[in-house]
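Undergrad:
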Amino acid sequence: GKRKESTSGLALTLVENFARRGRDVVVLRYDGVRNLGESYKDPDCREHGREAMRMTLSQGVEDLEATLDYIERNPEFTATAIIVVSFSLQAVIGRRVLFRDRGRRIRQWIAVNGAPYARDLIANAAGGVDYLGQHQRGVRFGPASILGVTSDADHFAADAVASGLAFAADAEREVPAIAAPITWILGRYDAWVDPAIVRGLMARPAKAARDVVELDCGHIPLNSDEAIQLFQSITRAIWRALEGEEIEAIFPPWREIVAVRNAEWRRTPRAPLPDKRTYWAEYLLGGGDHKISYDVLYACDEYLRFLDRQAELLGVEPGHRVADMGCGTGNFFARYFERRGGRRRGPIARLTLVDFVPAALATARRKLERYEQARELLAAPADARAISLELSPARSFRAFLAGEFYGYDPLKGTMRGLGDYSVEMWKAMDNWRLHDILRGRVLDDEDRSFLKESFPADEREVIVDVNRICRWILGRVEANDLSREGRRRVASGAAARFHDLRFARLESRDPEALERLPFADGSFDRLVSSLVLSYLDNPLETLREFHRCLAPGGRLVVSSMRPDVDMSRIYQNLLRRLERGDAVAIPDGISRAEFIDDLRAFLSSAAFLLTLAEEGHFAFFSRDELRHLVERAGFRRVETFEAFGDPPQAYVTVGYR
Numbered sequence: 001g002k003r004k005e006s007t008s009g010l011a012l013t014l015v016e017n018f019a020r021r022g023r024d025v026v027v028l029r030y031d032g033v034r035n036l037g038e039s040y041k042d043p044d045c046r047e048h049g050r051e052a053m054r055m056t057l058s059q060g061v062e063d064l065e066a067t068l069d070y071i072e073r074n075p076e077f078t079a080t081a082i083i084v085v086s087f088s089l090q091a092v093i094g095r096r097v098l099f100r101d102r103g104r105r106i107r108q109w110i111a112v113n114g115a116p117y118a119r120d121l122i123a124n125a126a127g128g129v130d131y132l133g134q135h136q137r138g139v140r141f142g143p144a145s146i147l148g149v150t151s152d153a154d155h156f157a158a159d160a161v162a163s164g165l166a167f168a169a170d171a172e173r174e175v176p177a178i179a180a181p182i183t184w185i186l187g188r189y190d191a192w193v194d195p196a197i198v199r200g201l202m203a204r205p206a207k208a209a210r211d212v213v214e215l216d217c218g219h220i221p222l223n224s225d226e227a228i229q230l231f232q233s234i235t236r237a238i239w240r241a242l243e244g245e246e247i248e249a250i251f252p253p254w255r256e257i258v259a260v261r262n263a264e265w266r267r268t269p270r271a272p273l274p275d276k277r278t279y280w281a282e283y284l285l286g287g288g289d290h291k292i293s294y295d296v297l298y299a300c301d302e303y304l305r306f307l308d309r310q311a312e313l314l315g316v317e318p319g320h321r322v323a324d325m326g327c328g329t330g331n332f333f334a335r336y337f338e339r340r341g342g343r344r345r346g347p348i349a350r351l352t353l354v355d356f357v358p359a360a361l362a363t364a365r366r367k368l369e370r371y372e373q374a375r376e377l378l379a380a381p382a383d384a385r386a387i388s389l390e391l392s393p394a395r396s397f398r399a400f401l402a403g404e405f406y407g408y409d410p411l412k413g414t415m416r417g418l419g420d421y422s423v424e425m426w427k428a429m430d431n432w433r434l435h436d437i438l439r440g441r442v443l444d445d446e447d448r449s450f451l452k453e454s455f456p457a458d459e460r461e462v463i464v465d466v467n468r469i470c471r472w473i474l475g476r477v478e479a480n481d482l483s484r485e486g487r488r489r490v491a492s493g494a495a496a497r498f499h500d501l502r503f504a505r506l507e508s509r510d511p512e513a514l515e516r517l518p519f520a521d522g523s524f525d526r527l528v529s530s531l532v533l534s535y536l537d538n539p540l541e542t543l544r545e546f547h548r549c550l551a552p553g554g555r556l557v558v559s560s561m562r563p564d565v566d567m568s569r570i571y572q573n574l575l576r577r578l579e580r581g582d583a584v585a586i587p588d589g590i591s592r593a594e595f596i597d598d599l600r601a602f603l604s605s606a607a608f609l610l611t612l613a614e615e616g617h618f619a620f621f622s623r624d625e626l627r628h629l630v631e632r633a634g635f636r637r638v639e640t641f642e643a644f645g646d647p648p649q650a651y652v653t654v655g656y657r
């Protein structure tokens, strides 16, 4: 389910280390045929969601061997040694290619959290469905979604079985016979790959060295501190294979890593982001035959402890006015009141639930009502508000014009199309005319000539879009700055809105975005926003509104999944409990079998969300990033804690008004 752009951090790390030692290196990454990415797909598999419909492992073997042929024959460089690095399921492909290569072309193989055969990893990733084993027994499935990637399960399974890539016996025959040295890297917290199987294979007598390295990481860390450790381990292993010596591998600056990653994703077709309200409604509530979606997490002990930790940090006391911003289906306060038990003195003066998905908000209200009916007491006076927490990027440009922040950096990412590259270009130029244009100067012919001479066409359009926004704020907007609908509105006597502006390059992602949340200053004493900020285009502005809405002395609790979040152990723990017949909190009206099916569907839905994050639609924050966001929004005494599983998969940050 990964594309070549996913490993840009590893590629940059290798290039940096080789360059510092005066050595040349070529890092070649590719997308597989009939798979995600830019390589060939059958004509009927080119629509989003169907790209991997005819994916097979034998095709992956052909792809890697074709890549080796290219390395041998290409006119651009001459390879003195070839080292193959594979991740996850690609180790099955690497195993076959290395076995057939017989030491002719490949100097070394590094398998990162690799599966030596397909069956177990596919079953683990699919929530326990043994597609390959059941296919061999005659069971057919049709299209299936595994970790957000949809393929023809029967076509894939038939190929894997027929090609000898499916089962342990195939790996037991081929791995010991591989002539090249192998380094197998295992993640200590990887729930998809059984380390005992890998260690058993690597311990068998072989023709070349076998080395197993265990790291403190999950399945495929690519964008976190764990990724640094992994990339350095791979770099050391490659240098050792080539030079026979140990080195202290260095890691490029994160800023450079992010710039390269963003540039690569910018040039590639990405998964289209669905209509936000529809997407989040399905993610939270399920769709089709599935009765629930996000609420399967309520059966996970790790999730309940995560909610409890946030509640402890929130510290609600009698008389407090409390808001749950982005409440989803209401799990936070459902758990809060459940833990309070039968105490009759409600500590909350008023509870405000906010979410922009009305159906999720209705579910949250029903949970409170069920609690009240069961306990025969009032949980708290509550109101529910269907409001988007997405704030208009106009806020950032107003602050920019008002001189509330220094330089251009805070404008990065405030709108789609306004990225690091553009802002860094402005900073590098440091020209008075550009400075005035970006701050809303009415453009004349000299300005246009300056832009034409100084910037490529696409960057000129970005600058003109920013100029248009600032002129709108300053009241200098003209008719040709507006969309057709905007011109109609203005002609009818209405004032031009931000969303009436016409943009060439920039895009305001949420036409419903407000400039201000509809709550008075100091409306709340406690405010919680659990796992919400990552999905907002401009979380800093939302946090600033949270700060305004809190009373002096009020407390904020926010949380975010960490970069490279790996929920596999949490899901596996729940599945094992279900399979053992343990007591699990399954909602009324849903059978255990239906619940397991819903859990598997949510696992795939959550994996697609991670794909959207990897492509830049969303952003999970590191500990420092989350803390700095909260501090920049004006909060004081900010602290950040780890939570959600072992190892922790989320950060929780507390701040005070």
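So for the sequence shown, our numbering puts the first residue at 1; every next one is plus one. Positions of the beta carbon are idealized from the N, C-alpha and C atoms, including for glycine.
Sorted by chain position, which residues of the same chain lie with C-beta nearer than 7 angstroms to residue 507's C-beta, five sequence neighbours on each side aside?
TA: 415, 416, 417
Undergrad: Within its chain, find whatever has a CB closer than 6 angstroms to the CB of residue 103; leave out the 5 residues flanking it on each side and keep chain order.
TA: 179, 180
Undergrad: Taking residue 364 as the reference, give the member of 622, 386, 375, 253 with the closest Cα.
TA: 386
Undergrad: Compute the Euclidean distance between the alpha carbons of residue 284 and residue 388, then round it to the nearest angstrom.
TA: 15 angstroms
Undergrad: Taking one C-beta from the segment 294-314 and one from the segment 557-571 each time, how about it: are there three or more such pairs within less than 8 angstroms?
TA: yes
Undergrad: In the segment 281-326, which residue ranges form an unbroken beta strand (DSSP E) of at least 3 residues, counting only runs that do not cross its ends?
TA: Fully enclosed beta strand (DSSP E) runs of 3 or longer: 320-325.
Undergrad: Scan the segment 81-107 and note each continuous alpha helix (DSSP H) run of 4 residues or more that stays entirely inside, going in chain order.
TA: 90-101
Undergrad: What's the C-alpha gap between residue 279 and residue 449?
TA: 44 angstroms
Undergrad: Within the continuous beta strand (DSSP E) that includes residue 640, where are the two ends?
TA: 636-643
Undergrad: Return yes when the Cβ of residue 607 is within less than 8 angstroms of the Cβ of residue 148, no when it is not.
TA: yes
Undergrad: Under the rule that 16 or more other beta-carbon atoms within 10 Å means buried, what is residue 526, buried or exposed?
TA: So residue 526 counts as buried.
Undergrad: Give the list of continuous beta strand (DSSP E) stretches no shorter than 3 residues that lie fully inside the segment 207-280.
TA: 210-215
Undergrad: Which same chain residues, not among the five before or five after residue 297, have their C-beta less than 6 angstroms away from its C-beta?
TA: 303
Undergrad: My output table needs one value for residue 590: the three-state DSSP class, helix, strand or coil.
TA: coil
Undergrad: Check whether the segment 145-162 touches the segment 229-237, taking contact to mean three or more Cβ pairs, one atom from each stretch, closer than 8 angstroms.
TA: no
Undergrad: Please report how far the alpha carbon of residue 475 lies from the alpha carbon of residue 491, in whole angstroms.
TA: 16 angstroms
Undergrad: If you run the structure through DSSP and keep just helix, strand and coil, what is residue 112?
TA: strand
Undergrad: Mind checking which residues open and close the alpha helix (DSSP H) that includes residue 618?
TA: No alpha helix (DSSP H) contains residue 618, which DSSP labels as neither H nor E.
Undergrad: Output the distance between the C-alpha atoms of residue 5 and residue 12, rounded to the nearest integer angstrom.
TA: Approximately 11 angstroms, taken between the alpha carbons.
Undergrad: With residue 6 as the anchor, note down where its beta strand (DSSP E) starts and where it stops.
TA: Taken as a continuous stretch (DSSP letters only), residue 6 belongs to no beta strand (DSSP E), as it is neither H nor E.
Undergrad: With respect to the beta strand (DSSP E) encompassing residue 659, which residues constitute its N-terminal and C-terminal limits?
TA: The structure shown does not extend to residue 659, since the chain spans only 1 to 657, so no value can be given for it.
Undergrad: With a threshold of 6 angstroms on Cβ separation, who are the neighbours of residue 188 within its own chain once the five nearest residues in sequence on each side are excluded?
TA: 214, 216
Undergrad: What's the call for residue 581, buried or exposed, on a 16-neighbour Cβ count within 10 Å?
TA: exposed
Undergrad: Counting only the same chain and skipping the five closest in sequence on each side, list residues whose C-beta sits under 7 angstroms from that of residue 65.
TA: 97
Undergrad: Report the rounded CA-to-CA distance for residue 599 versus residue 495, giving the unit in angstroms.
TA: 49 angstroms
Undergrad: I'd like to check one pair, residue 538 with residue 391: are the Cβ atoms closer than 8 angstroms?
TA: Against a cut-off of 8 angstroms, the Cβ pair of residue 538 and residue 391 comes out as a contact.
Undergrad: Residue 63 and residue 25: beta carbons closer than 8 angstroms?
TA: no
Undergrad: Going by Cα to Cα distance, which pick from 454, 228, 307 is closest to residue 529?
TA: 307
Undergrad: As an exercise, report each continuous alpha helix (DSSP H) stretch of at least 4 residues that is fully enclosed by the segment 558-591, in chain order.
TA: 568-580
Undergrad: Threshold first: 4 residues or longer. Then list the alpha helix (DSSP H) segments lying entirely within the segment 110-155, N to C.
TA: 118-125, 131-136
Undergrad: Note down the Cα distance separating residue 327 from residue 359, rounded to an integer number of angstroms.
TA: Answer to the nearest angstrom: the Cα atoms are 12 angstroms apart.
Undergrad: Roughly how many whole angstroms lie between the Cα atoms of residue 325 and residue 543?
TA: 11 angstroms
Undergrad: Is it buried or exposed, residue 591, if we count other Cβ atoms within 10 angstroms and call 16 or more buried?
TA: exposed
Undergrad: Please determine, among 585, 615, 547, 639, the residue with the shortest C-alpha to C-alpha distance to residue 633.
TA: 547
Undergrad: Can you give me the C-alpha to C-alpha distance between residue 128 and residue 115, rounded to a whole angstrom?
TA: 16 angstroms
Undergrad: Taking the beta strand (DSSP E) that residue 527 belongs to, which residues open and close that run?
TA: 524-529
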